[in-house]
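The structure appears below as structure tokens.
2 protein chains.
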Amino acid sequence: MSDGKNKKAAAAAEDKKTIGLTVKKSEDFSEWYTQVIAKAELADYTKVSGCLVLRPYAYAIWEKIVKEVDARLKKMRVQNCYFPLLIPESLLKKEEQHIQGFAPEVAWVTHASDTKLDERLAVRPTSETIMYDSVSKWVRSWRDLPLKLNQWNNVVRWEFKHPTPFIRTREFLWNEGHTAFATKEEAEAEIGEILSLWKDITENFLAVAGITGQKSQSEKFAGAVASYSIEFFLPNGRAAQGPDAHFDGQNFAKAFDITFLNEKGEKDYVWQNTWAITTRMIGILAMVHGDDKGLVIPPNIAPVQIVIVPILFEDSKKEVLAAANKIRKELEKESIAAEVDGRETYTAGWKFNEWELKGVPVRIEIGPRDMQQKQAIIVRRDTSAKETVKLEAVAAAARKTLAEIQESLYQKSKQQLENSIVAAKNIGEIATAVKSKKLAKADFCGSAKCEAEVKEKADGATSRCMTLLEPKSTEADWAQSSQRLGKGSIQKREQMGKCVVCGKEGVASWFGKAY
Amino acid sequence: MSDGKNKKAAAAAEDKKTIGLTVKKSEDFSEWYTQVIAKAELADYTKVSGCLVLRPYAYAIWEKIVKEVDARLKKMRVQNCYFPLLIPESLLKKEEQHIQGFAPEVAWVTHASDTKLDERLAVRPTSETIMYDSVSKWVRSWRDLPLKLNQWNNVVRWEFKHPTPFIRTREFLWNEGHTAFATKEEAEAEIGEILSLWKDITENFLAVAGITGQKSQSEKFAGAVASYSIEFFLPNGRAAQGPDAHFDGQNFAKAFDITFLNEKGEKDYVWQNTWAITTRMIGILAMVHGDDKGLVIPPNIAPVQIVIVPILFEDSKKEVLAAANKIRKELEKESIAAEVDGRETYTAGWKFNEWELKGVPVRIEIGPRDMQQKQAIIVRRDTSAKETVKLEAVAAAARKTLAEIQESLYQKSKQQLENSIVAAKNIGEIATAVKSKKLAKADFCGSAKCEAEVKEKADGATSRCMTLLEPKSTEADWAQSSQRLGKGSIQKREQMGKCVVCGKEGVASWFGKAY
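These protein sequence lines map, in sequence, to chains A and B. Going by numbering that gives the first Met the number 0, 360 is the number at position 361 of the first sequence; the sequence numbering is gapless. Going by numbering that gives the first Met the number 0, 78 is the number at position 79 of the second sequence; the sequence numbering is gapless.
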């Protein structure tokens, strides 16, 4: 990564060198993304391939995601905790499908100092096994349920595919929610609650539009009965799985002997879910909203929402700086995260470029002439639109502009997603759509057999997700979830179509190339 | 750990079984601590020796510590970030003293799935080496300084000593602050700022009194020029190092080539500090404040500050529960974290025991008779003192009681520390003090040679810390730190004594057995 070079460029700013991007997003997406990540100082490579530094700017975005999610989890009475990083091999192997899914990616600790360990330890790729070993001790009676645990931590998955910053890295940060219930209905109801939480965070904070759905048999989580996720479609024609939720049924409960005495005094296995959101969202955010000038961060998640750049001349410096700080204080009173960039070693133009690169949603400019006229200029990062506003109205105008940017970024993302979807009536049409970097929408039964056929004949496309199906009467009450998830997000059983592969009952599903 | 048993006991509460501690703190401290940790549900063992689960209650205390520390760091313009967990061996070896200090404790990743890695990777025991490799790329000019980075993460140190929950574990949570400055003076001034932050957190939140001082040559951090810490003395006669701060000088800067061009255009090495607070503080907190009924959590750090236990009878249940919830709402208006324990499956007496075990600072009882008299009973966890208060005055009285408990716990801890210190004029007196489980105070030069002599002749005692010495005029301006750290915390040079070992100049120092 050309970060060192970038810093040198910064130091040489007076020489009129530019720190901006040298490629267009539409022309070379991959190089564009590499430059954005480096030059906006989101991440940096290290000597370990696939293991990235989250630089302060990216980490600040992550902190905002964590803060919003965590507050909502606490309201759901989910309790945070911390389980050990290292998992004995024998534990990891306890659930058969689970170990099959993760074994190819496990980083193994074999030695402590010069001593070979009796049993090798996995650096956690996920914590089901070590957590459920404890949960089986803790849960005895129906009164111990529901047990809703969550941890914010780091996991390592030593994938050998080409790493992409944030999107696919060998270590990433996430939360892992692990909940246990006395009944299937309660567990399934929580899946709806979690999916609507993910929808809230991704739409209303990250301003990215995705498709909420269920995973097919081939794409579900290793060890789960059913997996759900929000899927995103990226400008390079690749799909990326966002936050997810897995209904594990009693699979792990049986493997780890997590039983309880129910109110009737009978022994029963608990019903479990797991769910997560990861630092991958930072990559999705950057890819979806970024433009040829750099990042565009949605206001609701931006570490710096407004940057105030005073136009400094020797004779009016002090007054202009004071005016800029006064604006900052007024913005802070409105709970807007604002900064004044008063550095004298950089020109105003250089600062404009740098903050645009970093995607700060709004810039306020104020110079000596503006002061005379008791005004400032508000500039939108997403549209470059400028507005001259009287000083007493700056805070209100800024707040309004931030809200407009937030909404407009989401609508743009939604439009892009809709424009990327092509209806397909057979595998041939799926192949055509995927080859032209679109997402194919087709009815699909969800079976591994049909999916394999699509993959083979449609250029490696896989099902990204399937429309949520209205539950059977014996299943959870999804009415509330349906309401939360929005009208039309759950398909009625009587409206099912026919799988374009086998002709059996199927639901509208999306096919594409996954990152 | 008898946690499973504990849960069974809880389920059998109606059988009048007790969930309380079965030993006294003064009679069998070690067993007492083991029971407190398990029965108050702070932690649980796992299949990996020395790697503990932080259960939700302990994690909630840690979250409160993190919140307070992090807010103060952000005010100091410290930026959070995240560096990879795994460090290549070649990087870890770059600073000679550093690797010597950590090599005996490193857990090594040697394989990914079935593939042997080209170079083994250390699970970070601390992150200097991987961070400074990046910092050397990022810092180019004086304008990039100071660079103040911090990360909240997990570290693994595979110690072979007997593990003690929170106090010594093979994995723990902490922050690691890593800062780089253009001048020695700025770096040294930050040490004072950090020490006063640690003092604020430990005294005003955790309510534990410690000794702020400098580490001797033998006890300083591997790679540092000078190490500072707050040391605590525990009821079993052992000392434990609390949060610390290390002045690294230019040691790592030279090993990692972290240079910058100063304002004159000359190349120079940066000056660096590192500092940390860890989950060990939860153990210190439990050991210092706990009593024969269980934990006692200081109000300012308690996840639940007040528990309201309604006394429920069939005919007045609804009204009493409503009154309890009304009190909770009034407390929450005052920003007091309160919970109503309305469970009908446990008796009031059982609940009293459980919340006392968990160390919730204040209990409020309200029953039908109290309701008639428009009153409630406030019970202090630390003294068991009861006070009957009119309902309209409950919130104010509760707030006052919480403040009194906070102050009283700190004063008690301070008194205990003072009572544990015995002045010693020679090694013999140090030995006598340490053998009687006291902390010996003696003048000491800080050299490795004198320390080795003390260790040999005084039953393994080591210097825990040395009084901070007034800086020489060429060093940092410690006047502000001195003010922050409190009167008398920095010794004047002209008042130095003579080392009880070698007779050379020395400062008042504390000797004891370390955990």
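Idealized CB from N, CA, C, for every residue including glycine.
(message) Looking at Y514(A): is its Cβ nearer than 8 Å to the Cβ of A285(A)?
(response) No Cβ-Cβ contact shorter than 8 Å links Y514(A) with A285(A).
(message) Is there a C-beta anywhere in chain B that falls below 8 Å from the one on T346(A)?
(response) False, the Cβ-Cβ gap to chain B never drops below 8 Å.
(message) Can you tell me whether I276(A) is helix, strand or coil according to DSSP?
(response) Three-state result, I276(A): coil.
(request) Starting from V269(A), find everything on chain B with Cβ-Cβ shorter than 7 Å and list it in chain order. (result) By Cβ distance, chain B contributes nothing, its closest Cβ being about 14 Å from V269(A), past 7 Å.
(message) Closer than 7 Å between beta carbons: that is the criterion. Which residues of the stretch 102-132 of chain B meet it against chain A?
(response) Cβ contacts with chain A come from A102, P103, E104, V105, A106, W107, V108, T109, H110, A111, S112, L120, V122, I129 and D132.
(message) Less than 6 Å between C-beta atoms, sequence neighbours within five positions excluded: which residues of the same chain meet that for I36(B)?
(response) Here I36(B) has A42 and P164 as same chain residues with Cβ atoms under 6 Å from its own Cβ, once five neighbours each way along the sequence are excluded.
(message) Just to confirm, is the Cβ distance from I307(A) to R327(A) under 8 Å?
(response) Taking C-beta atoms as the reference points, I307(A) and R327(A) count as a pair closer than 8 Å.
(request) For A516(A), count neighbouring C-beta atoms within 10 Å of its own C-beta (all shown protein chains included) and say buried if the count is 16 or more, exposed if not. (result) Here chain A has residues from 0 to 514 only, and residue 516(A) is not among them.
(request) For D369(A), I'd like the list of residues in its chain whose CB is within less than 6 Å of its CB, leaving aside the five on either flank, ordered along the chain. (result) Cβ neighbours of D369(A) beyond the five flanking positions: A375.
(request) Identify, in the order they occur along the chain, each residue of the same chain with its Cβ nearer than 6 Å to the Cβ of K74(B), setting aside the five sequence neighbours on each side. (result) Leaving aside the five residues that flank K74(B) on each side, none in its chain has a CB nearer than 6 Å to its CB.
(message) Tell me the rounded alpha-carbon separation between F204(B) and T182(A).
(response) If I take the Cα positions, the gap works out to 41 Å.
(request) Spell out a yes or no on whether the stretch 78-92 of chain B and the stretch 44-55 of chain A are touching, meaning 3 or more CB-CB pairs, one atom from each, closer than 8 Å. (result) Verdict: yes, contact present.
(request) Decide if Q414(A) is buried, meaning its Cβ has at least 16 other Cβ atoms within 10 Å, or exposed. (result) Label assigned to Q414(A): exposed.
(request) Under the assumption that V108(B) contacts W107(A) (Cβ atoms under 8 Å), give the Cβ distance between them as a whole number of angstroms. (result) Contact flag correct, Cβ pair sits at about 6 Å.
(request) If I'm right that V287(B) touches V207(B) with Cβ under 8 Å, what's the distance once you round it to whole angstroms? (result) Cβ atoms of V287(B) and V207(B) come within 8 Å of each other, at about 5 Å.
(request) Specify the secondary structure class of L53(A) as computed by DSSP and reduced to three states. (result) Correct three-state label for L53(A): strand.
(request) Report, in whole angstroms, the separation of the C-beta atoms of I210(B) and C449(B), which I expect to be a contact under 8 Å. (result) Contact annotation, I210(B) with C449(B): C-beta distance approximately 19 Å; criterion of less than 8 Å not satisfied.
(message) Relative to the C-alpha of V453(A), which candidate in G427(A), N352(A), F28(A) and A102(A) has its C-alpha closest?
(response) The candidate whose alpha carbon is nearest that of V453(A) is G427(A).
(request) Mark S126(B) as exposed unless 16 or more other C-beta atoms lie within 10 angstroms of its C-beta, in which case mark it buried. (result) Counting other Cβ atoms within 10 Å of its Cβ, S126(B) reaches 16 or more and is therefore classed as buried.
(request) Determine the DSSP secondary structure at Q249(A), reduced to helix, strand or coil. (result) Looking at Q249(A) - three-state DSSP - the assignment turns out to be coil, as it is neither helix nor strand.
(request) Check whether the Cβ of T125(B) sits closer than 7 Å to any heavy atom of the ligand ATP, and report yes or no. (result) The ligand ATP is absent from the structure shown, which contains no ligands of any kind.
(message) Assuming T109(B) is part of the beta strand (DSSP E), what are its boundary residues?
(response) That run of the beta strand (DSSP E) goes A106 to A111.
(message) If I measure Cβ to Cβ from A9(B) and keep anything under 7 Å in the same chain, skipping five residues before and after, which residues do I get?
(response) Residue confidence for A9(B) is low, a pLDDT of 44 falling below 50, so the modelled location carries little weight and cannot support an answer.
(request) Count the other CB atoms, across all protein chains shown, that sit within 10 Å of the CB of Q372(A); report buried if there are 16 or more and exposed otherwise. (result) Residue environment analysis places Q372(A) among the exposed positions, since fewer than 16 neighbouring C-beta atoms fall within 10 angstroms of its C-beta.
(request) Closer than 8 Å by C-beta to Q494(A): which residues in its own chain qualify, once you throw out the five before and the five after it? Chain order, please. (result) If we look at Q494(A) and ignore the five residues flanking it on each side, it has no Cβ neighbours.
(message) Between the alpha carbons of S315(B) and T387(B), how many angstroms are there, rounded?
(response) The straight-line gap from Cα to Cα measures roughly 20 Å.
(message) Helix, strand or coil for E343(B)? Go by DSSP, reduced to three states.
(response) The three-state secondary structure of E343(B), taken from DSSP, is coil.
(message) Let's see if you can read the secondary structure: which residues bound the beta strand (DSSP E) around T516(A)?
(response) The question about residue 516(A) has no answer here: the residues shown for chain A are numbered 0 through 514.
(request) Spatial neighbours of H177(B) within its chain, please: CB distance less than 6 Å, with the 5 preceding and 5 following residues excluded, ordered by chain position. (result) Take H177(B), set aside five residues on each side of it, and the residues of its chain with a beta-carbon closer than 6 Å to its own are M130, L148 and T273, in chain order.
(message) Tell me which residue opens and which closes the beta strand (DSSP E) that C444(B) is part of.
(response) Counting along the chain, C444(B) falls outside any beta strand (DSSP E), and DSSP gives it neither H nor E.
(message) Buried or exposed, going by whether 16 or more other CB atoms sit within 10 Å of the CB of I276(A)?
(response) In summary, I276(A) is buried, with 16 or more beta-carbon neighbours lying within 10 Å of its beta-carbon over all protein chains present.
(request) At 7 Å on the CB atoms, spell out the chain B contacts of F82(A), in chain order. (result) Near F82(A) (Cβ distances below 7 Å), the residues of chain B are V52.
(request) Please name the residue, chosen from E417(B), E504(B) and P124(B), that lies closest to R492(B) on a Cα-to-Cα basis. (result) Cα-wise, what sits closest to R492(B) is E504(B).
(request) Would you mind telling me which residues of chain B sit closer than 8 Å to E170(A), beta carbon to beta carbon, in chain order? (result) P83, L84 and L85, listed in chain order.
(message) Please return the same chain residues whose Cβ sits closer than 8 Å to the Cβ of K512(B), not counting the five positions on each side in sequence.
(response) Sequence-distant Cβ neighbours of K512(B) in its own chain, meaning closer than 8 Å and more than five residues away, are G236, R237, A238, V433, D458, G459, A460 and T461.
(message) I'd like the list of long-range same chain contacts for I420(A), defined as Cβ closer than 6 Å, with 5 residues on each side in sequence excluded.
(response) L438 and K440.
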